[in-house]
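Worksheet: one structure, shown below.
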Amino acid sequence: MTNDSRSERGNYPVFRKTLRQWHLRITAYAERLVADLEPLDWPESIKLQQRNWIGQSAGAAIEFPIVGGSGGRVTVYSTRPETIFGATFLALSPSHPLAKTAPAAPAGQATRSEHLVSHPVTGQQLPVYIADYVLSDYGTGAVMGVPAHDDRDAVLARAERLPVRSIFDGDGLPGEDEPTLIDSAHGNLNLNGTTISHARELVTEWLERSGLGGRQYRYRLRDWLFSRQRYWGEPFPIVYDEFDVPHAVPMSQLPVELPALDDYKPFAYDPDDADSVPKAPLGRAPEWVHAELDLGDGPRRYRRETDTMPNWAGSSWYELRYLDPGLEASAWDPGNERYWLGPDIGKPSGGADLYVGGAEHAVLHLLYARFWHKVLHDLGHVSSSEPFHRLYNQGVIQAYVYRDPRGIAVEATEVQEQDGEFVWRGERVTRHLGKMGKSLKNSITPDEVCELYGADTLRLYEMSMGPLDTSRPWDTRAVVGGLRFLQRVWRNVVADDDGSRVTDDPPSESLTRQLHRVLRSYHQDVPQLRLNTAISKLIELNNSVTRAGTAPREVLVPLVQMLAPFAPHVAEELWERMGERGSVSQHPVPRADHHLLADELVTCVIQVNGKVRARISVPDGIDAESLESLALKNERVQQTIRNGALVRVIVKPPNVVNVVVRIDL
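Everything in the sequence shown is counted per the numbering used here, starting at 546 for the first residue and increasing by one.
And the structure:
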């Protein structure tokens, strides 16, 4: 929806309408979704986003009896129940059931309800207001107004000339020097002289004893809306009887498949007609909607659910289907799930060893997948309680985005540059650099690049654009660099007559040493997803082979093995041309021989808290433990850390040691 309440597609006016829809109770898992983040190997920023999105808060539910009429109570949820003696009114969200009889309030203002409520402690009658600052989807949609200690409550109280009661001898904020309460006593509840934290406990216990509320934990997280009014999507296996009671379709009658439709548009409705109800596209197939089924008590007529599931229904568990994509008897084999995803040393919750995905999925796909997986775990269908053990956020490939005057992205391929401006279908548009994607209509399809350069070149270019966790603009002209590298590797292996150039002659000592340096760094770079660094070193090694003018098998075989993850098709062909057996993917990349590296000295930079303090010469093949010991014994490093406490040492042999020190001033 655009800022002026129009639809992005078609520019139609958008209206608000109440619908009956399906929700999943993700809120029942809120506490576990927060607690189980701790052992996951995820970026802290993603964990923080999920914690904030779930939004756990501790407080109390407080019941305010309604005066007169049919009685009843208004339930308030408050994280500050100790301020109860400062309450002088109640405020309800516009969608609260008691607010329906009150006239609508202008934006930013409040209107008074006809209801009065009784203060649960003092019994004093309090007015009730409808205010748009009260959120319907957090707490209970009702708050107690404490104008002396809440800015929004104070605005309403001043406008309505309501009493303002201060109940603290300070600013009323928890801290090291907590203020104590004043004017907070009535009957058998006396909070005077107590601190905020102590008063909070006393009030909560009093509410529980009095039957007027008690301790509660609330979450910002709402139940997951799982209905869509469109054709595409998994149909719900739900039917309704003549009394509108929902029934689950039995397993023997699954799957429920979508009917064939000529028209996929939803039914239009009249926004000026209050009784008009929108209908989903599946309503266009009455023979499918109204079905005769036997659910165990004989054939009866039922009405199928016409809402469909969202795309999250598939993306929340697809990693499980990857375990057994060809299995028809079930979605996955339990043994395969235990082997690939089951709990193990270092990952007690189980899950995939590595998941590479964008940070934009933090509170949608990644949260939904965790919830879905936990439900399957509780039902006994999987042995792991988490779907992804390690998470790595990759950057995005960027391209120019063109937007019309409404701010809507238009098809980038249809934009023309005219006199220094960008025009789409005769209309001036603006250009910005953004991520490449379907929604921004600036995608370059892989098919186009593959047709020109091949799939291996595309893969190689994407992995060599830069660090995997940074965003980079797409440059079609730079793709050819990857193609030229593959061509040079090919010429080093394949002769002009299409035969093999590879020989069993030993390589030179310098080329052998370079090979083993590359092997060592390859086994360091690839597990840490420093793929661009690994590729650059393969290019250097191949250039050395070209300059040497020879094709030693001892060098080219491991070179092709290291190339295989980035260019699997070319590597497989070269593997066969060299006369090697089987598939290159079945042969592990050899490890570096450290004896061939030990005699070479390299410069190692030693940093303390990020600042360079020393440079030392060390053997090229030095291990992390030995390098750390040398660094900490260095005289200049010792002088720097003498007055501090050693926190940790980060070692990246053989080039960098970073010493982290806490210095107490």
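Every residue gets a Cβ at the ideal spot worked out from N, C-alpha and C, and that includes glycine.
Check                                                                                                                                                                                                : Outcome
Suppose only complete runs of 3+ residues qualify. What are the beta strand (DSSP E) ranges in the stretch 1142 to 1210, listed by chain order?                                                      : 1146 to 1153, 1156 to 1164, 1190 to 1197 and 1201 to 1207
Is it right to say residue 763 is buried, meaning 16 or more other beta carbons lie within 10 angstroms of its own, or is it exposed?                                                                : buried
Between the Cα of residue 883 and those of 1019, 788, 930 and 606, spot the shortest distance and give me the residue it belongs to.                                                                 : 930
Going by the DSSP bridge assignment, what does residue 663 pair with across the sheet?                                                                                                               : 670
Take residue 781 as the anchor and find which of 746, 798 and 849 has the nearest alpha-carbon.                                                                                                      : 849
Which residues share a DSSP beta bridge with residue 978?                                                                                                                                            : 945
Helix, strand or coil for residue 898? Go by DSSP, reduced to three states.                                                                                                                          : coil
Would you say the stretch 926 to 944 touches the stretch 1103 to 1121, given that touching needs at least three Cβ pairs under 8 Å?                                                                  : no
Alpha carbon to alpha carbon, how far is residue 551 from residue 586?                                                                                                                               : 42 Å
DSSP beta-bridge partners for residue 620?                                                                                                                                                           : 608
Can you tell me whether residue 556 is buried or exposed? The criterion is at least 16 other CB atoms within 10 Å of its CB, across all chains shown.                                                : exposed
Buried or exposed: which applies to residue 669, given that a residue is buried once 16 or more other Cβ atoms fall within 10 Å of its Cβ?                                                           : exposed
Note down the Cα distance separating residue 1127 from residue 1113, rounded to an integer number of angstroms.                                                                                      : 14 Å
Report yes if the CB atom of residue 1206 is closer than 8 Å to the CB atom of residue 1172, and no otherwise.                                                                                       : no
What separation, rounded to the nearest whole angstrom, lies between the Cα atoms of residue 777 and residue 1012?                                                                                   : 37 Å
Of all the options 979, 977, 1033 and 1042, which has the alpha carbon lying nearest to the alpha carbon of residue 1002?                                                                            : 1033
Following the continuous alpha helix (DSSP H) through residue 956, name the residue where it begins and the one where it ends.                                                                       : From DSSP, residue 956 is part of no alpha helix (DSSP H); its letter is neither H nor E.
Residue 1084 by DSSP, collapsed to three states: which one?                                                                                                                                          : helix
Taking all protein chains shown into account, do 16 or more other C-beta atoms lie within 10 angstroms of the C-beta of residue 1208, making it buried, or fewer, making it exposed?                 : exposed
If you draw a straight line from the C-alpha of residue 628 to the C-alpha of residue 886, how long is it?                                                                                           : 49 Å
Whole angstroms are fine: how far does the CA of residue 859 sit from the CA of residue 637?                                                                                                         : 38 Å
Which residue comes first and which comes last in the alpha helix (DSSP H) that contains residue 744?                                                                                                : 741 to 755
Do residue 983 and residue 577 have their beta-carbon atoms positioned less than 8 Å apart in this structure?                                                                                        : no
Roughly how many angstroms separate the alpha carbons of residue 701 and residue 707, rounded to a whole number?                                                                                     : 8 Å
Decide yes or no for the touch test of the stretch 652 to 663 against the stretch 744 to 760: beta carbon pairs closer than 8 Å, at least 3 of them.                                                 : no
Do the CB positions of residue 1164 and residue 1145 come within less than 8 Å of each other?                                                                                                        : yes
Residues in the same chain with beta-carbon distance under 7 Å from residue 1139, minus the five sequence neighbours each way, listed in chain order, please.                                        : 1166
Give every residue of the same chain whose Cβ lies closer than 6 Å to the Cβ of residue 624, excluding the five residues on either side of it in the sequence, and list them in chain order.         : 602 and 604
Let me know the secondary structure DSSP gives residue 780 once reduced to three states.                                                                                                             : strand
Starting from the C-beta of residue 1198, find all residues in its chain whose C-beta is less than 7 Å away, skip the five residues before and the five after it, and write them out in chain order. : 1167, 1168, 1169 and 1172
Considering only the alpha carbon of each residue, which of 979, 1046 and 633 lies closest to residue 609?                                                                                           : 633
Only counting the same chain, and skipping five residues up and downstream in sequence, which positions put a Cβ closer than 8 Å to that of residue 962?                                             : 968
Between 580, 591, 663 and 620, which lies nearest to residue 611 when the distance is taken from Cα to Cα?                                                                                           : 663
Apart from the five residues just before and just after residue 1004, which ones in its own chain have a Cβ nearer than 7 Å to its Cβ?                                                               : 1111 and 1112
Would residue 1179 be called buried (16 or more neighbouring beta carbons within 10 Å of its own) or exposed?                                                                                        : buried
Any idea what DSSP makes of residue 676, helix, strand or coil?                                                                                                                                      : strand
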